[in-house]
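A.B. asks: Submitted below is the structure of interest, expressed as structure tokens.
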Amino acid sequence: MLFNSWIFPLFLAVVFVLYWATSRAGFRVQNVLLLVASYVFYGWWDYRFLSLIFISSSVDYVVGRWLGAATRTGFRRALLGLSLATNLGLLGFFKYFDFFVQSAAELLRSLGLHADPRTLNIVLPVGISFYTFQTLSYTIDIYRKRIGPTRDLIAFFAFVSFFPQLVAGPIERARSLLPQFLRPRRFDAQRATDGLRQILWGFFKKVVIADNVAGHVDTIFAMSPLYNGLTLYLGVVLFAFQIYCDFSGYSDIAIGTGRLFGFSLMRNFAYPYFSRNIAEFWRRWHISLSSWFRDYVYIPLGGSRAVMPRRILNVIVTFTVSGFWHGAEWTFVVWGLLHGLYYIPLMVGRSHKKHVDTPAEGRLLPGLREFGAIVLTFYATLIAWVFFRADSLPGAFSYVRRLLSFDLLSGGTIDLVAVQQVLGYIVVLVGVEWVQRHRQHALAIDGLSRPVRWIVYLSVALAVAFLGNFGEIEFIYFQF
Numbered sequence: 003m004l005f006n007s008w009i010f011p012l013f014l015a016v017v018f019v020l021y022w023a024t025s026r027a028g029f030r031v032q033n034v035l036l037l038v039a040s041y042v043f044y045g046w047w048d049y050r051f052l053s054l055i056f057i058s059s060s061v062d063y064v065v066g067r068w069l070g071a072a073t074r075t076g077f078r079r080a081l082l083g084l085s086l087a088t089n090l091g092l093l094g095f096f097k098y099f100d101f102f103v104q105s106a107a108e109l110l111r112s113l114g115l116h117a118d119p120r121t122l123n124i125v126l127p128v129g130i131s132f133y134t135f136q137t138l139s140y141t142i143d144i145y146r147k148r149i150g151p152t153r154d155l156i157a158f159f160a161f162v163s164f165f166p167q168l169v170a171g172p173i174e175r176a177r178s179l180l181p182q183f184l185r186p187r188r189f190d191a192q193r194a195t196d197g198l199r200q201i202l203w204g205f206f207k208k209v210v211i212a213d214n215v216a217g218h219v220d221t222i223f224a225m226s227p228l229y230n231g232l233t234l235y236l237g238v239v240l241f242a243f244q245i246y247c248d249f250s251g252y253s254d255i256a257i258g259t260g261r262l263f264g265f266s267l268m269r270n271f272a273y274p275y276f277s278r279n280i281a282e283f284w285r286r287w288h289i290s291l292s293s294w295f296r297d298y299v300y301i302p303l304g305g306s307r308a309v310m311p312r313r314i315l316n317v318i319v320t321f322t323v324s325g326f327w328h329g330a331e332w333t334f335v336v337w338g339l340l341h342g343l344y345y346i347p348l349m350v351g352r353s354h355k356k357h358v359d360t361p362a363e364g365r366l367l368p369g370l371r372e373f374g375a376i377v378l379t380f381y382a383t384l385i386a387w388v389f390f391r392a393d394s395l396p397g398a399f400s401y402v403r404r405l406l407s408f409d410l411l412s413g414g415t416i417d418l419v420a421v422q423q424v425l426g427y428i429v430v431l432v433g434v435e436w437v438q439r440h441r442q443h444a445l446a447i448d449g450l451s452r453p454v455r456w457i458v459y460l461s462v463a464l465a466v467a468f469l470g471n472f473g474e475i476e477f478i479y480f481q482f
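Quick note, the sequence shown lines up with residues 3 to 482 if you use this note's numbering.
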């Protein structure tokens with residue numbers, strides 16, 4: 003089920019009413035309702051893949067119970083191995099089987115050997131990368147003795163399948179989200195109101211900006227050889243805001259929906275395009291995933307405790323694996339590797355921990371040096387976004403060569419009149435989020451008077467209603 007589909011508001015309203023109507027029956031009854039609702043939400047797309055969530059949840063629930071009781075190191079490692087093999091095995095089969103077969107065939111053909119790849123054309127289950135990492139955090143943290151196992155089967159299954167963040171995050175840690183299923187929840191009108199505001203801003207970013215930008219991005223990337231360098235720059239800038247508004251819009255809707263049901267989900271985006279270096283960008287972009295790779299890949303590899311050459315290797319491995327997580331294409335691997343290469347000079351120069359404050363703290367505008375750092379960081383992300391968006395590595399390298407050439411005017415241009423409107427939406431977005439950069443989300447405007455707040459809410463709602471693209475375009479990260 004898509005957030006931007008006609009059925010979702012009806013589904014949400016029904017679940018919301020039933021959920022709070024059963025509050026007196028206790029949180030366990032509410033958990034049952036959430037579990038059923040979450041399975042309906044996911045099964046709306048393809049009910050057959052509910053079996054994958056069920057298998058993953060069942061294995062990790064049992065493994066968690068056994069890990070909590072086990073004392074022998076060898077047995078505990080075997081149990082963790084079972085969880086890893088099950089979850090990563092399912093993920094690897096459905097997401098990467100065709101990729102590895104096709105890559106092997108291409109390698110053999112490049113060596114002059116005959117290769118006839120026979121793939122299964124496997125359909126990628128929506129959200130498998132997200133809920134796999136979420137449930138893995140549970141067994142890994144039990145193995146590390148950071149949390150204890152739960153005995154509440156329904157609560158655990160509801161934690162894994164919680165519908166607001168099931169298919170595109172945030173990727174929650176068990177130690178943060180699971181305890182919320184194990185205690186009573188009371189309706190809080192203030193939190194629910196804030197949730198609705200964040201949902202509204204998420205819809206604005208998704209249907210007004212991301213979905214209206216999508217067509218222009220598709221055109222420019224599909225016909226990139228015909229356009230001049232300036233148009234290609236426009237294409238990648240538009241894509242940068244398309245993917246940001248699409249993904250952060252989903253996160254806003256998910257977090258806001260969680261608040262409606264009394265849950266606190268972690269922040270997933272913190273105005274990343276205002277970052278002053280790449281390290282800060284990754285503290286602000288897809289926070290739940292970047293922190294997951296830090297805790298479960300980078301640190302186990304040795305993290306920052308190792309000597310510098312090993313630290314550099316750890317960074318490269320972590321970013322490359324992160325890129326591969328995004329998709330079974332070499333373009334994603336190069337995208338991750340490129341960000342790792344961006345990160346290394348900061349780490350070597352010991353400046354990767356700078357900029358943990360708000361940009362232009364206490365000032366309306368950044369200073370010249372700070373503004374330059376923001377622009378340079380944004381430019382670096384643009385070059386990397388080309389690889390993320392391109393259909394192939396040769397296409398991506400060709401696109402980047404055109405961007406970096408001295409001749410940016412040779413070739414055709416897209417109809418700029420048609421693009422002006424979406425550029426105006428982006429300008430509004432940047433302006434609003436810059437003013438609100440110290441807030442959790444852009445519509446957190448409690449400091450304004452009530453009439454002014456309602457004028458803002460109504461304006462955003464009208465923009466969504468009259469300017470939004472309601473073609474039910476899937477969220478980009480559904481493919482990951």
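Positions of the beta carbon are idealized from the N, C-alpha and C atoms, including for glycine.
1. Considering Cα atoms alone, identify which of Pro347, Leu168, Lys355 and Glu331 is closest to Leu315.
2. Can you give me the Cβ contacts of Leu202 inside the same chain, cut-off strictly under 6 Å, excluding the 5 residues immediately before and after it?
3. Can you tell which of Ser25, Ser253, Ser85 and Ala23 has the C-alpha that lies nearest to the C-alpha of Arg199?
4. Quick one: any contact between the segment 48–64 and the segment 159–169, if contact means 3 or more CB pairs under 8 Å?
5. Quick check: the Cα distance between Ser2 and Ala256, rounded to an integer number of angstroms?
6. Less than 8 Å between C-beta atoms, sequence neighbours within five positions excluded: which residues of the same chain meet that for Val323?
7. Looking at the unbroken alpha helix (DSSP H) that takes in Pro347, where does it start and where does it end?
8. Residues bridged to Gly251 by DSSP?
9. Among Gly351, Ile173, Leu36 and Leu240, which one has its Cα closest to the Cα of Gln422?
10. Give the secondary structure of Tyr273 by DSSP, where H, G and I count as helix, E and B as strand, and everything else as coil.
11. What is the DSSP secondary structure of Gly414, counted as helix, strand or coil?
12. Are Leu340 and Ala386 close, meaning C-beta to C-beta below 8 Å?
13. Spatial neighbours of Arg278 within its chain, please: C-beta separation below 8 Å, excluding the five flanking residues on both sides.
14. Got a sec, what are the start and stop residues for the alpha helix (DSSP H) Leu202 sits in?
15. Which residue wins for smallest C-alpha separation from His486, given the options Gly76, Phe276 and Trp8?
16. To which residues of the same chain is Trp332 closer than 6 Å at the C-beta, ignoring the five residues directly before and after it?
17. What's the gap between the Cα of Val31 and the Cα of Tyr44?
18. Under DSSP, the alpha helix (DSSP H) around Gln182 begins and ends at which residues?
19. Using 8 Å as the threshold, is the C-beta distance between Arg78 and Tyr145 below it?
20. Return the first residue and the last residue of the alpha helix (DSSP H) that Trp47 is part of.
21. Check whether the Cβ of Glu363 sits closer than 7 Å to any heavy atom of the ligand NAP, and report yes or no.
22. If you draw a straight line from the C-alpha of Tyr41 to the C-alpha of Thr88, how long is it?
23. Using only alpha-carbon positions, find the residue among Val424, Val336, Leu126 and Ser25 that is nearest to Phe183.
24. Beta-carbon separation of Ala72 and Gly129 under 8 Å?
25. If we call anything under 8 Å between Cβ atoms a contact, is Leu14 one with Val238?
26. Using the Cα positions of Gly150 and Phe265, report the straight-line distance between them to the nearest angstrom.
27. Tyr229: which of Gly70, Ser250, Tyr401 and Ala446 sits nearest, CA to CA?
28. Identify, in the order they occur along the chain, each residue of the same chain with its Cβ nearer than 7 Å to the Cβ of Trp287, setting aside the five sequence neighbours on each side.
29. Can you give me the Cβ contacts of Ile318 inside the same chain, cut-off strictly under 6 Å, excluding the 5 residues immediately before and after it?
30. Cβ atoms of Gly258 and Ala1: under 8 Å apart, would you say?
31. Give me, in chain order, the residues of the same chain whose beta-carbon lies closer than 6 Å to that of Phe5; leave out the 5 immediate sequence neighbours on both sides.
32. If you drop the 5 nearest sequence neighbours on each side, which residues of the same chain put their C-beta closer than 7 Å to that of Thr141?
33. Going by the DSSP bridge assignment, what does Tyr229 pair with across the sheet?
C.D. replies: Working from what's here:
1. Pro347
2. Val462
3. Ser253
4. yes
5. Here the chain covers residues 3 to 482 and nothing more, so residue 2 does not appear.
6. Phe295, Val299 and Gly338
7. Trp332 to Val350
8. Answer is none; Gly251 lacks a bridge partner.
9. Leu240
10. coil
11. strand
12. yes
13. Lys356, His357, Pro361, Glu372, Ala375, Ile376 and Thr379
14. Ala191 to Phe205
15. Nothing about residue 486 can be read from this structure; the chain reaches only from 3 to 482.
16. Leu395
17. 20 Å
18. Gln182 -> no alpha helix (DSSP H), and no H or E assigned at all.
19. yes
20. Phe29 to Asp48
21. As far as ligands go, the structure on display features none, and thus does not contain the ligand NAP.
22. 20 Å
23. Ser25
24. no
25. no
26. 21 Å
27. Tyr401
28. Phe271 and Pro274
29. Gly342
30. Missing from the structure shown is residue 1; the chain here goes from 3 to 482 and no further.
31. Ile255
32. Asp62, Val65, Gly66, Leu69, Leu82 and Ser85
33. Gly414
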